[in-house]
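Data block below; observations after.
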Amino acid sequence: ISLPGTSNLVFSIDEHPMYLYAVDGRYVEPLVVDAINVYAGARYSVLVKLDQPVSIYTVRVANKFANQIINGTAIMSYTGSQPSQFNTSAPYINEVGTALGHNGTIILDEADIVPFDNEAPAPEPDQTQILNVKLYNASYRWTLGEASYPMSNEDLTPPALFNYSSIPSEYTVMTKNNTWVDLIFNMSTIGQPQHPIHKHSNKFYVLGWGYGVWKWSTVAEAQKDIPDSFNLVNPQLRDTFQTPPSTPNHSWLAIRYHSVNPGPFFMHCHLSMHESGGLAVALLDGVDAWPTVPDRYQLPALADPEENTPTTHGLMDHPGFD
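Under this note's numbering, the first residue of the sequence shown carries the number 581, and numbering increases by one thereafter.
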C-alpha cells in the first residue's frame, strides 16, 4: 500500500483484517489491524487471509487530509460470488476514515510498530539541527528551517555535486562523513496539518515525537524532562514519517540518521503542494568525503563575470561550516 499524491488515505478491506509485516521496505514485528492511515510517501506491506465466506467485499479508501471529504471504493470478489452480494459487507471505516465504533475497528497506531531487526542508533549525535516548520508569507508557502526552499534551486548551475556552494547556505544542512545527525522538526506555529517528511539517500531512526513547544537544544536535554517520549533502544527505521498535528498545540518530531553516503540529497514534505511551497532542505552529507567528479563529466569552465577568466567547479568553502 503506498500513496504518492497529496492526501492521507485510510485503507481497509471489509471483514478482512490485514497482517502488517513491513513498512518503508523494512520488516517489522507483525501487527494485525483493520485499517491503515497511509500518508503520502510511506509504504506498507500486508498479508490478507482470504478465509471469509464466498462473497463480494468492499475495499475502501477515505481521505483524512485537511477538510475535503473524498473517498473511493473497489471490490474484492471471491470466486463463485454473486452480483447481489455487492455492498453487503460490513465496513471498518466511514466516509472520512474514522473507525466505526460498533465493530471495534483497529486503525494502525504508528507507536505500535516495532522493527523486526533490532538496530539501535548511536546513543549520542555529533550534530543537532532544529528545523522550524511554519507558513511563510502566504498560505501556500512554507519553511523547513529558517528559509523557504525555492524550486529554482533545482536548476542551479553548477549542480551541488560539482560545487556545494551552488545552493545558498540557508537552504542546506551540511554534515561530515561517518557522523550521526539529529534533525528536530519543530512545528513553530499551531494549526498545521501533519507533514509526511521524506528523506532521500538512506533511512533515519524515529527517536520520538510529541506535543507542545520544543524548548531544548538536544534530544539528550529533552529526555531529562520527557523520557517517555523517546525510544533509542529499538526505534523504527524509516525514510518517510509524519509529524504530529499541531492543532490545537505545537508539536515536534525527532529523527537521527548516520551520514555515510557522501553527496547532496533532498529532504522534503511529501505533500506536493507543501514541497513546491518551500517545505524542503538540501542535505549536503559527508562533504569531507565527496567524490571527485571524473573529467569526462566535468562541466566546461565558465568565465568569471568580474575578471572574465575561466573558473572550474570544485568543492569550495561553505559559510558557517568548519
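Using N, Cα and C, we set each Cβ at its ideal position, and we do this for glycine too.
Worksheet item: Quick one: what's got a C-beta closer than 6 Å to ALA802's C-beta in the same chain, skipping five residues either side?
Response: Result list for ALA802: TRP796, in chain order.
Worksheet entry | Contacting residues, own chain, Cβ-Cβ under 7 Å from HIS850 (five flanking each side not counted) | The beta carbon of HIS850 lies closer than 7 Å to those of ALA620, GLY621, PRO776, HIS778 and THR820 in the same chain, with the five residues before and after it left out.
Item to complete: Determine, using beta carbons only, whether THR752 and VAL861 come nearer to each other than 8 Å.
Response: Yes, the pair counts as a contact, with Cβ atoms nearer than the cut-off.
Practice prompt. Could you tell me whether the region 640 to 653 touches the region 600 to 613, where touching means 3 or more Cβ pairs closer than 8 Å?
Written response: As far as the Cβ criterion goes, the region 640 to 653 does not touch the region 600 to 613, which means the pair count is below three.
Practice prompt. Let me know the secondary structure DSSP gives VAL612 once reduced to three states.
Written response: If DSSP states are grouped into helix, strand and coil, VAL612 belongs with the strands.
Fill in: Between the CA atoms of ASP594 and VAL641 - distance to the nearest angstrom
So the two alpha carbons sit approximately 11 Å from each other.
Discussion item. What does the alpha-carbon distance come out to for the pair TYR637 and GLN665?
Written reply: TYR637 and GLN665: Cα-Cα distance of roughly 8 Å.
Worksheet entry | Assigned exposure category for SER719 - 16 Cβ within 10 Å defines buried | Flag for SER719 reads exposed.
Worksheet item: Is ASN829 helix, strand or coil when you go by DSSP?
Response: The answer is coil: DSSP assigns ASN829 none of H, G, I, E or B.
Worksheet item: Mapping DSSP to helix, strand and coil, what is PRO844?
Response: When secondary structure is reduced to three states using DSSP, PRO844 falls in the strand class.
Fill in: Inter-residue Cα distance where the pair is HIS780 and PRO844
The straight-line gap from Cα to Cα measures roughly 9 Å.
Practice prompt. Check whether the Cβ atoms of PRO705 and ARG836 lie closer than 8 Å to each other.
Written response: Going by C-beta atoms, PRO705 is nearer than 8 Å to ARG836.
Worksheet item: Which of the three DSSP states, helix, strand or coil, is assigned to LEU895?
Response: For LEU895, the predicted model reports a pLDDT of 43, less than 50, meaning its position is unreliable and no value from the coordinates is stated.
Fill in: Anticipated Cβ contact below 8 Å, HIS838 with ASN782, distance rounded
Right, the Cβ-Cβ distance comes to about 7 Å (below 8 Å), so this counts as a contact.
Worksheet item: What are the complete beta strand (DSSP E) segments, minimum 3 residues, inside the region 597 to 666?
Response: Counting whole runs of 3 or more residues, the region 597 to 666 contains the beta strand (DSSP E) stretches 598 to 603, 606 to 613, 615 to 618, 624 to 628, 636 to 643 and 651 to 657.
Discussion item. Please list the terminal residues of the continuous beta strand (DSSP E) segment that includes LYS804.
Written reply: The continuous stretches of beta strand (DSSP E) do not include LYS804, which lies in the alpha helix (DSSP H) extending over residues 799 to 805.
Fill in: Short Cβ contact (8 Å threshold) for ASN757 with PRO701
Cβ distance not < 8 Å, so ASN757 and PRO701 don't count as in contact.
Worksheet item: Can you tell which of VAL786, THR723, TYR658 and GLY858 has the C-alpha that lies nearest to the C-alpha of PHE810?
Response: Distances from the CA of PHE810 to each of VAL786, THR723, TYR658 and GLY858 were compared; the closest alpha carbon is that of VAL786.
Discussion item. I want to check one thing, is the minimum distance from the CB of SER809 to the heavy atoms of the ligand ADP below 7 Å?
Written reply: This structure lacks the ligand ADP; in fact it carries no ligand of any kind.
Worksheet item: So, helix, strand or coil for ALA881, using DSSP?
Response: For ALA881, the predicted model reports a pLDDT of 48, less than 50, meaning its position is unreliable; a value from the coordinates is still stated below. For ALA881, the secondary structure class from DSSP, reduced to helix, strand or coil, is coil.
Worksheet item: Given PRO671, which residues of its chain have a CB within under 8 Å of its CB, disregarding the five upstream and five downstream residues?
Response: Cβ within range, chain order: SER592, ASP594, THR638, ARG640 and LEU680.
Discussion item. For GLU750, tell me which candidate among GLN878, SER587, ALA727 and ASN733 has the shortest Cα-Cα distance.
Written reply: Looking from the CA of GLU750, the closest CA among GLN878, SER587, ALA727 and ASN733 belongs to ALA727.
Worksheet item: Leaving out five residues before and five after VAL628 in sequence, what residues of the same chain have Cβ atoms less than 6 Å from its Cβ?
Response: These residues qualify, in order along the chain: HIS596 and MET598.
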